[in-house]
Amino acid sequence: MKGKYFCIVDIELTEEKEIIQFAAKKIDFNFRVINSINYYIKPIQSDITSFVTDLTGITNEILRDKPSFRKVSKVLYEYIKDGILVCHGLQSDYLILKKHFQDIGIEYSPSMSLDTVELARLFLPTQSSYRLSDLAASLNIYSSDNYHNAVIDVKATAKLLETIALKIPLIQKENYNKICKLLKKVDSNIALFLEYYKNNNLTSDIICDKRDYIVYDGVKFNKLKLVIKEKKNNGRILFSSIDVDDYISKFNIDDYTVLKKKSDYISLDIFSLLSKKKDLNLYKLLVKLYIWILETTNGDLSELNLLYLERLYLEECREALELSSNSYYFDEKKQLAKGSSNVIVNYDNLEYILNNDEFSNYTLIFENKKILGNELDSNNIKEYRYKSVITELNIAISQNPSDKKLKVIKENLDSLIKFLHEMYISESLVLYNESLEYILQDIAVLQDSLKNIKRYLPITRDFCKQLTNALLNNKNSYTFDILYQESTLVLLVIDDKKVKTLINTINRHNCQYLDMPNKVSLIYIKDEKELMSSKFSGSVLYVFGSTKYKNLYFSKRERKTYVKYINFSLKDSFAQLYMDVIKNNKVICRCYATRDILNYKYYLKNLFDTIVILKDLEY
């Protein structure tokens, strides 16, 4: 590796990004401590705010007699210059260090650097959070209540780096070779780190790996060891709208198997189903998969904590996963489920259960009828995007430049969407409702125009039809992916026909509903002035009567780095919202939702400190 030792560094900052604490530790490649330093540094631009004090424990009194960064800069530089720089959140810390050194004429550029956040994401892909305190607690590598103190964070980062390094020798050779090639494309420093600890196994106490593997197309997968039983009586299938583990705990369920959709489980041919693009996000996803398939005990893809773009790559192959004949993990879990008294599923799996004769004698258990209706609606929403219409019309016009009717249709549709956008971002639903009759007339004229042209425009025709559905049916809605860009209009239309078919099928089964008390304390606010002047602590849920006003107020939110905002609507999964809030329980949380969310009152009362119902804001 490029460096004499690891130099673990952590810094604490003012809100103006001035360094107020600098801690570092040198460790050799066997993770033995060489020495360490810790400096408190007096900021020049401003005093310490109460927020920084609450976060770090550092006060103005502690820093009153401490040196400035300029006075200690040479000592700090000499200490870290020859080491491999290691930070938990490398990019931000390195840029701040580099700027502070540059400001006093020192050019700092480490020969090699490692980010333990990125290392943890790659080699520990199932961790629910990559905050240092959460990783330390989950991995049982360091115990402290005083995180955001640089000395403590350096100790935890050093232990995390060692934990990751000790895992590398356990990676099976077949998967390791593929990981190594990918990491050379992703990050050469991480590739060097991987190769060093694979080839220099310094841990003589590592137990020989005795797990069984399935080898498919030169890749190893962990083999499940499930004890499949014969079911002695008719079973129950319980549908959960929240995280299944929490659901099981809340309702004290035993003798159960969790069974998700087939596409929720990895298939053995996953690597041939994924995109072949040359993309760093895809390469990182592949690394995580090669690590995870050696360890998983379920094959459930939700075990992976993936970034947004990585999840998109998996979503692209969901249909292929559903059709794959190499669905080992799903097949094993289904056999296990057939021997269990209780099968726990989420609502995504409802259609599969209803259409599978193997589960025809099971009693279906739902939380309540309103949640069932909500989940049926949210799982059967179709999206119609105006951008697709624009593309279709532009292609048609380019191929038929002399066709004036096509240009008129596009101009009229553009004008209609612009007007809808103006109504959407206006402050009044009254004005919008008064204009609704004229909007529908304009759509009808457009539909007649589309019938009277030679060119067949299926996307545009369907969009106009569904726009009418979105405007007339209050279960449907339209919104904008980017609020102030009219071209990002998207229609959210429930497939009512399919929902009714599912309800009819459900009614032919033996069904029961859980007795769930739904009393919850609500705060009612009736005007914007009262809303803006209200101050709530802890996690807060704001409930709006319409998607429009939820989105408008979400766009006006006060943005603070320590507040996590979630914009929840009908098309989103309540289970995902539930997990997001639980996962971020150490961060102040603000969620914006529509009234449908009140169907989940039983769960909301333990999820939020305050639930605010916003009345009459739309009028």
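According to the numbering used here, the sequence shown is numbered sequentially starting from 411.
Here a beta-carbon is modelled for each residue, glycine too, at the ideal position from N, C-alpha and C.
Cβ-heavy atom distance, residue i to the ligand ATP, below 7 Å
i: LEU507; result: Of ligands this structure carries none, so the ligand ATP is not represented either.
With 16 other Cβ atoms within 10 Å as the buried cut-off, status of residue i
i: PHE740; result: buried
i: ALA747; result: buried
i: GLU729; result: exposed
i: CYS999; result: buried
i: GLU528; result: buried
i: ILE429; result: buried
i: GLN582; result: buried
i: THR773; result: exposed
i: ARG969; result: exposed
i: ILE754; result: buried
i: PRO520; result: buried
i: PHE461; result: exposed
i: ARG531; result: buried
i: ASP615; result: With a pLDDT of 49 at ASP615, under the threshold of 50, the modelled position of that residue is not reliable, and the figure given next carries that caveat. Under this definition ASP615 is an exposed residue.
i: GLU832; result: exposed
i: ASP525; result: buried
i: THR397; result: Coverage of the chain is limited to positions 411 through 1029, which leaves residue 397 absent and any answer about it impossible.
i: TYR888; result: buried
i: SER523; result: buried
i: THR707; result: exposed
Pair within 8 Å by beta-carbon distance, residue i and residue j
i: TYR415; j: GLY515; result: no
i: PHE432; j: LEU486; result: yes
i: SER598; j: ASP665; result: no
i: SER478; j: LYS452; result: yes
i: GLU793; j: LEU902; result: yes
i: SER393; j: ASN778; result: Missing from the structure shown is residue 393; the chain here goes from 411 to 1029 and no further.
i: ILE578; j: LEU549; result: no
i: TYR723; j: SER685; result: yes
i: ILE1021; j: LEU932; result: yes
i: TYR1012; j: MET926; result: yes
i: LEU867; j: ILE849; result: no
i: ASP891; j: SER949; result: no
i: LEU877; j: ILE819; result: no
i: ILE444; j: TYR489; result: no
i: GLU426; j: ALA560; result: no
i: ASP622; j: ASP674; result: no
i: LYS671; j: ASP767; result: no
i: LYS743; j: THR667; result: yes
i: LEU690; j: GLU720; result: no
i: ILE781; j: ASN1009; result: yes
i: PHE776; j: CYS921; result: yes
Per DSSP, cross-strand counterpart(s) of residue i
i: VAL755; result: PHE649
i: LYS660; result: In DSSP, LYS660 forms no bridge with anything.
i: LEU423; result: ILE429
i: THR1020; result: VAL950
i: ALA1003; result: VAL953
i: ALA434; result: VAL419 and ILE447
i: LEU774; result: ILE647 and CYS921
i: GLU793; result: LEU902
i: THR667; result: VAL753
i: ASP710; result: TYR675
i: ILE998; result: VAL973
i: LYS748; result: For LYS748, which the question treats as bridged, DSSP gives no partner whatsoever.
i: VAL625; result: LYS630
Best match in the options for proximity to residue i [C-alpha to C-alpha]
i: ALA854; options: TYR842, LEU593, PHE873 and ILE976; result: PHE873
i: ILE701; options: ILE574, CYS921 and PHE769; result: ILE574
i: ASP563; options: LEU846, ASN879, THR466 and ILE1023; result: THR466
i: VAL629; options: ASP653, ILE589, LYS660 and LEU636; result: ILE589
i: GLN851; options: LEU823, MET926, LYS864 and SER838; result: LEU823
i: SER798; options: THR957, THR870, ASP787 and GLU640; result: THR870
i: ILE624; options: LEU678, LYS966, TYR518 and THR1004; result: LEU678
i: ASP655; options: VAL953, ASP420 and SER712; result: SER712
i: LEU731; options: GLN895, ASP767 and PHE681; result: PHE681
i: ASN862; options: GLU896, LEU696, PHE661 and ASP813; result: ASP813
i: LYS476; options: ASN883, VAL496, LYS509 and TYR450; result: TYR450
i: TYR693; options: SER965, SER845 and LEU717; result: LEU717
i: LEU1024; options: LEU941, LYS974, ALA985 and LEU962; result: LEU941
Contact with chain C by residue i, beta-carbon distance below 8 Å
i: LEU850; result: Judged by its chain identifiers, the structure shown contains no chain C, having just a single protein chain.
- Output the residue ranges of the alpha helix (DSSP H) runs that lie fully inside the region 467 to 538 and measure 4 residues or longer, sorted by chain position. For the region 467 to 538, whole alpha helix (DSSP H) runs of length 4 or above, ordered along the chain, are 470 to 473, 479 to 490, 500 to 513 and 526 to 533.
- Could you name each continuous beta strand (DSSP E) segment of 3 residues or more that falls completely within the region 877 to 910, going from the start of the chain to the end? Taking 3 residues as the minimum length, the beta strand (DSSP E) runs contained wholly in the region 877 to 910 are 887 to 890 and 899 to 904, in order along the chain.
- Message: To test your reading of the DSSP string, which unbroken alpha helix (DSSP H) runs of 4 or more residues are found completely within the region 548 to 582?
- Response: Under the rule that a run must span 4 or more residues, the alpha helix (DSSP H) segments found entirely inside the region 548 to 582 read 560 to 577.
- Query: Which runs of the alpha helix (DSSP H) fall wholly inside the region 807 to 867 and span at least 4 residues, in chain order?
  - Reply: Listed in chain order, the complete alpha helix (DSSP H) runs (minimum 4 residues) inside the region 807 to 867 are 814 to 835 and 839 to 861.
- Query: Which residue spans inside the region 906 to 994 form an unbroken alpha helix (DSSP H) run of at least 4?
  - Reply: As far as the region 906 to 994 is concerned, its whole alpha helix (DSSP H) runs of at least 4 residues are 906 to 917, 938 to 943, 957 to 965 and 984 to 993.
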